[in-house]
């Protein structure tokens, strides 16, 4: 018989007496055990048994070892450990469910309820030590109850009913029975044997074994190692069916201890009021994200259900509830959370000093997993701001970080760090984290923009080398363009527009590129700072063409040119002009800007004039442009004719392009200085075109003010052509492609058109318009200088084939050649004038008619009865029908064009005030019916008058407002009928029909041909 060394009989007797004596005690114990087994500790049997093993080692003061062995076939779990053996107090604690016998240092268990976890998977548990053993089982419990109830003592009936009501769910742990202990030579000091209830219990234990790792051992510092064995199975571990866990101290850790104030724990239950606290942080094995299988929870010190989603494990003595799954809210919890956050920051600082782990990957990010997680994160982030976790021992709050990929380039950071204190390299993936910790995060462009101006030239070169791979970053080149870089003369200047000289630029020649650049005061970059990246940021290479287009070169050169042309004898100004011409030579005479034409040169007669006012001796221009001065031969020999021609000297017709021309305002305010030197853009050629302002005013008259007419091409120096040279010059202009285009191409805006500047100037010169043949009345013949030119050229110069070809602007000149008032004009010429004016009015826009003729004619050819006489314009009306000619002087026009012509000439329109009736009624006569069939508009009757007058004036015929014809003779009748038909040109035909009505059809049939 097994000896009852732990007094289990007394324990059973005390419990049985309590159950018999109290109506509720049995149910309370049963419910409490079931709550712990099936609720709080349902998945913690392995952890709780390992915790007991650790506590046993701590009580014995030894480094403990635990063996966990699962036999699936036998459904048996064994946990063996070294350390203090089981004693009577321990057995009482195991059986109490409410009080713990653990009170020494280093012991984890506190509440005496963890052992209840075995009831989640087993109905039969034995604990053995060399000192003895105890067993807890459903069968033993039922046996004890049966004996108690068999005596029939008071209360047994009620207890019997409660036992029967619970079935097998009995409070097993309250009734320990003695069991055999371990032999004296046993390998372990204590062995717990758990018979698993069913397959579900086996699966639960197996899953718990898989979760045991070295992190768990951190909660049990008294355990050096744990051996996990699954008999006959792999269990998913690397070394077959056995797994050894040890070395929990090998990972980065940080431990802290302290004491709570009594007020911090005052609101906690008595068992929780421990003033000492401790915490340990340990990084997970991969130094970053834990494996998916690991539960990311707080260990207090065993795993809780409180989420803690950090890349490290926290073991801390937070106050927890009886289930050890939840943290109790209190001041102690808040204080310990802050301490944990600060210690986590300190741990990252320790790790950063080793340089072996990506520390920024360990900074808390994302959403917290719990309220406690949020509190710890907040404290950690606050502490990390001043913790030196960045390269070089820099705290985030003191750091400057470049955004994007440049920020992770160590060469770039190394180059910038000496001039930007606190600059550190941070991978792009972590830059947002560093920003959240208080670092100053700036774009590379902003940092470049902040570079100081006084950096040595050599330092600039290293900076530019480091910047070059990142030049495509937004804004970098723009920022670099504004940086102040050292120049060769000791000054500093912005990169944009600065000149980068190649090493071969200075060969000692006074006309070399380097010497020219120095003489012109260019901003030449210091050779030690010269770098290709500067060119991408707006600096210019030493290309003579680019220098010629440099505004500084232009301004310096033009200032010197003005000084020389004003008669100054400043040697410096002359030298600058010489260097400007040297640039033209170095550029090979190509792509030379317009302003070089203002450079002064000596002429053959000893004067000094601008290049654009000269010709090269022996050229076509020298023979014909007598208004331009020949350049001195020795000067031509010095610079060569091609260089001087490229700079502006004349050799042939010059065609300029005036860009973005706009017609002037009526007051001419925007023409101030046009055509002169006042505020003249040196690259704008319009100031060198004679009469340009007048030409723009002409365009404004055609198109209106403020109208953009685009780019205009023009032949220059027309005012310099000698009088005898015009035939040759015009011939050249008509044959040279560029000059011909400048002459013939009109200026157009919408449907309106105007002659080119060249055509306009030449028309003014030769008195256009003029007739191209003798059949054009009123116009002079073409000047002799135009003989031999093609028709298109002569038309562009103002020649017309007929008056109908005239532009509105040319009509005043033509009408000004009419004879004096009262003179007769041949009908042939008058018809040409009338038709030309009618067509002009018809093609003009109505809004343009009243201002098209400037000035208006003061006299016009008018039809008065049957004569054509030149009349004062004020005495003439425009008549849309022939009837009005009998009443006074009229200017005939087709009925459809009469109103438009009246608007054009600013004349009254006949009949606009009404149509008068004859002064006396006539005798109504029937029209010969043989005429009525010729046209449906033929009147059936007409009115014969012996004497016909209208408004007191005798007339041969009239058509009144009702369309009735009045006449004094057959001829008048024919004219009246023609007027009704709207065909006054058929008057003669109608007279013939009236005379021979029997031939009416034959005569009228001729109208089929028009």
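Residue numbers (my numbering): 123 to 1132.
Where a beta carbon is used, it is the ideal one built from N, C-alpha and C, also for glycine.
On a predicted model such as this, the values are computed, not experimentally measured, just so you know.
The beta carbon of residue 428 sits closer than 7 Å to the beta carbons of 419, 420, 448, 449, 492 and 494 from its chain, once the five residues preceding and following it are set aside; these are given in chain order. With fewer than 16 neighbouring CB atoms inside 10 Å of its own CB, residue 906 falls in the exposed class. Pairing residue 128 with residue 249, the inter-Cα distance amounts to about 12 Å. The DSSP assignment places 606–608 and 614–616 as complete runs of the beta strand (DSSP E) inside the segment 588–653, in order along the chain (cut-off: 3 residues). For residue 722, the uninterrupted beta strand (DSSP E) segment begins and ends at 722–724. Excluding the 5 residues flanking it on each side, residue 1052 has same chain C-beta neighbours closer than 6 Å at 1119 and 1122, in chain order.
Per DSSP, reduced to three states, the secondary structure at residue 446 is coil, with no helix or strand assignment. If you compare the alpha carbons of 261, 388 and 467 with that of residue 486, the shortest gap goes to 467.
Taken in chain order, the whole beta strand (DSSP E) runs of length 3 or more contained in the segment 531–567 are 562–564. Each of 725, 639 and 736 was checked against the Cα of residue 754, and the nearest Cα belongs to 725.
When the five nearest sequence neighbours on each side are left out, the beta carbons in the same chain lying within less than 7 Å of the beta carbon of residue 465 are those of 376, 378, 401 and 403, in order along the chain. Look at residue 661 here: in three-state DSSP terms it is coil, with no helix or strand label. Linking residue 406 to residue 364 through their CA atoms gives a straight-line distance of about 22 Å. A residue is called buried once 16 or more other Cβ atoms fall within 10 Å of its Cβ, and residue 988, having fewer, is exposed.
For residue 366, the pairing in a beta bridge is given by DSSP as 349. Per DSSP, the unbroken beta strand (DSSP E) holding residue 420 starts and ends at 419–421. Restricted to the segment 1036–1079, the beta strand (DSSP E) segments that are unbroken, complete and at least 3 residues in length are 1045–1048 and 1063–1066, listed in chain order. Per the C-alpha coordinates, the member of 150, 1057 and 980 positioned closest to residue 944 is 980. Looking at the DSSP output, residue 981 shares a beta bridge with 994.
Counted as a single uninterrupted DSSP element, the stretch harbouring residue 263 is not any beta strand (DSSP E) but the alpha helix (DSSP H) occupying residues 260–272. Taking C-beta atoms as the reference points, residue 663 and residue 620 fail to come closer than 7 Å. Secondary structure in the segment 771–834: the alpha helix (DSSP H) runs of 4 residues or longer, each lying completely within the stretch, are 814–825 in chain order. In terms of Cβ geometry, residue 1096 and residue 1125 do not form a close pair [threshold 7 Å]. In terms of CA proximity to residue 180, 345 leads the group 583, 328, 803 and 345.
Exclusion of the five residues before and after residue 326 leaves 165 and 243 as the residues of its chain whose Cβ lies within less than 7 Å of its Cβ. When the Cα atoms are used, residue 431 and residue 549 turn out to be separated by approximately 23 Å. Note on geometry: alpha-carbon atoms of residue 193 and residue 528 lie some 59 Å from one another.
For residue 578, no beta strand (DSSP E) segment is defined, and its DSSP state is neither H nor E.
Non-local C-beta neighbours of residue 779 in its own chain, meaning closer than 6 Å and more than five positions away in sequence, comprise 833 and 835, ordered along the chain. Taking a C-beta distance under 7 Å as the contact criterion, residue 893 and residue 880 do not qualify as a contact pair.
Distance from the CA of residue 143 to the CA of residue 306, rounded to the nearest whole angstrom, comes to 41 Å. Residue 617 holds the alpha-carbon nearest to the alpha-carbon of residue 599 among 863, 583 and 617. Residue 291 has its alpha-carbon roughly 7 Å from the corresponding atom of residue 152. In this structure, residue 208 and residue 254 form a Cβ contact; the two beta carbons are roughly 7 Å apart against a cut-off of 8 Å. Of the residues assessed, residue 932 falls on the buried side of the cut-off, its CB having 16 or more other CB atoms within 10 angstroms. By the neighbour-count criterion, in which a residue is buried when 16 or more other Cβ atoms sit within 10 angstroms of its Cβ, residue 820 is buried.
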